[in-house]
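Remarks on the structure that follows.
In mature numbering (1 follows the signal peptide of the UniProt record, and there is no 0), the protein residues as written are -20 to -1, 1 to 466.
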């Protein structure tokens, strides 16, 4: 499978052929999702970080390639001169860890004894039997790789942005695009698919060449920027590898809300409740989302849960994201300041070039990362902060919380900084303005709720972050004094 300039790694085509056979087999067993299917459409808003982009942006459903112009976007005398976009990868396969848990659950269903005669006599359907027979087509090699739907997510995003900002995405600027990506294949492949979408915009109807042959150069793989969390030893030690750091997540798993779901699912599937745990329940819920997102089908896994279950399982997912991604433990958001500095470095450079009447060297900067890249940065910037922290014990109080990961960072989510040059400005300070967009909607400033800011004012608001960003010191573990005191 060719991967182009945004990919420095290639994989064998053999698994693709195997997947094609599996898909043909499984699709023949699947019920295609109908628009009026209220169960799936009702569950979709609660899939957390496994949410489809179009479920977070339902306006895309009629025409996913048509640009969606937010009425708050600047126009008239202000011209966009630079765009810096931080983009989460598109729809992906489950990880190997998730696939193995699903396989474990599938094995429990297949190992069940004969169905109770009374259930059969009553004519009630056996959902557990249906799930045992449902084809388990996920394989370990898939391990979080980008799926075709994810490539489509990126191509369509490229088409919409190119139509929304035609001057920035002009064919003349194509060779000056600057791409940065995480080393993960799903991010690398997302960048390549985005470029193919731009090719489609420039040359409608023509098949795109191999991305390696396109005019723009290959992306820089920069994990220190796009996976900063992997390079922060304090975060890795105190949060990622610390069994007690996610106390609230583990406590919620054994709390009354999850235990009620556990018992309910055990009854529905007709398996001993002691054979189930919160992790297996969550992977079953996510399998509903994966089947929907990857294949566009309603699987029987969706029939296991109702809306109340979905809200609880969304909260479990949000708890994990909250405590790991910079809202609960702030070390992760503070370590994202290098990425924030990098964004303002590009904006600063564009401002200086424009002031000198020089061409903007990089009118469009595209950075492909993860939900784990976006959430800490948004936390650092002051967004989606609730008055009270999410805990294992305030689920009901947090029903209307700001922090809902599926609404913030669905697949293909994007945080975009647009720098404008305004010709009729009264002062030099008013000449440059900035707007931010989250998932193609104008994002009001966290500190003022205004939809646009003078560039210098925005820099001044975040000056403490920009000037005091020292991740090497921030991420350094404190020294442990091992000497004996006399």
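For glycine and all other residues, C-beta sits at the position ideal for the given N, C-alpha and C.
In the DSSP assignment, residue 80 falls within the alpha helix (DSSP H) that extends over 76 to 90. Within the stretch 348 to 396, the alpha helix (DSSP H) runs of at least 4 residues that lie entirely inside it are, in chain order, 351 to 360, 385 to 388. Of the residues 422, 317, 414, the one whose Cα lies closest to the Cα of residue 445 is 317. In the assembly as shown, residue 190 is an exposed residue. Its beta-carbon has fewer than 16 other beta-carbons within 10 Å.
The stretch 368 to 382 makes no contact with the stretch 393 to 401: fewer than 3 CB pairs, one atom from each, lie closer than 8 Å. With the rule of 3 Cβ pairs closer than 8 Å, the stretch 345 to 359 counts as touching the stretch 310 to 329. Counting only residues of its own chain and dropping the five nearest sequence neighbours on each side, residue 361 has a CB closer than 7 Å to the CB of 426. If you draw a 10 Å sphere on the C-beta of residue 155, you find fewer than 16 other C-beta atoms in it, and that means exposed. The straight-line gap separating the alpha-carbon atoms of residue 301 and residue 385 is approximately 7 Å. Sorting 418, 209, 247 by C-alpha distance to the C-alpha of residue 310 places 209 at the top. Secondary structure note for residue 160: its beta strand (DSSP E) is the uninterrupted segment 158 to 161. Distances from the alpha-carbon of residue 257 to those of 411, 299, 238, 91 put 238 closest. With a cutoff of 8 Å on beta-carbon distance, residue 199 and residue 160 are scored as near each other. In the assembly as shown, residue 415 is a buried residue. Its beta-carbon has 16 or more other beta-carbons within 10 Å. Annotation: residue 44 to residue 273 spans about 15 Å, alpha carbon to alpha carbon. Counting of Cβ neighbours within 10 angstroms places residue 243 among the exposed residues, the total staying below 16.
The beta carbon of residue 135 lies closer than 8 Å to those of 173, 174, 176, 177, 180 in the same chain, with the five residues before and after it left out. Segment contact: the stretch 79 to 94 against the stretch 140 to 152, fewer than three CB-CB distances shorter than 8 Å; contact not assigned. A residue is called buried once 16 or more other Cβ atoms fall within 10 Å of its Cβ, and residue 41, having fewer, is exposed. Between residue 314 and residue 58, the beta carbon gap of about 33 Å keeps them out of contact (Cβ cut-off 8 Å). Exclusion of the five residues before and after residue 249 leaves 108 as the residues of its chain whose Cβ lies within less than 6 Å of its Cβ. The beta carbon of residue 158 lies closer than 6 Å to those of 342, 345 in the same chain, with the five residues before and after it left out.
In the assembly as shown, residue 352 is a buried residue. Its beta-carbon has 16 or more other beta-carbons within 10 Å. Looking only at 170, 128, 182, the smallest Cα-Cα distance to residue 151 is reached by 182.
Taking all protein chains shown into account, residue 185 has fewer than 16 neighbouring C-beta atoms within 10 Å of its C-beta and is therefore exposed. In the DSSP assignment, residue 147 falls outside any alpha helix (DSSP H) and carries neither an H nor an E. Collapsing the DSSP output to three states places residue 433 in a strand. In this structure, DSSP gives residue 38 a helical state, which the three-state scheme calls helix. With fewer than 16 other Cβ atoms inside 10 Å of its own Cβ, residue 457 counts as exposed. Taking a cut-off of 8 Å for Cβ pairs, the stretch 327 to 339 and the stretch 265 to 272 do not touch, as fewer than three such pairs fall below it.
Using a Cβ distance threshold of 8 Å, residue 72 and residue 28 do not count as a contacting pair. By the neighbour-count criterion, in which 16 or more other beta carbons inside 10 Å mark a residue as buried, residue 39 falls on the exposed side. Residue 164 has its alpha-carbon roughly 14 Å from the corresponding atom of residue 121. Per DSSP, the unbroken alpha helix (DSSP H) holding residue 447 starts and ends at 443 to 447. The three-state reading of DSSP puts residue 280 in helix, counting H, G and I together. The Cβ-Cβ distance between residue 390 and residue 26 does not fall below 8 Å.
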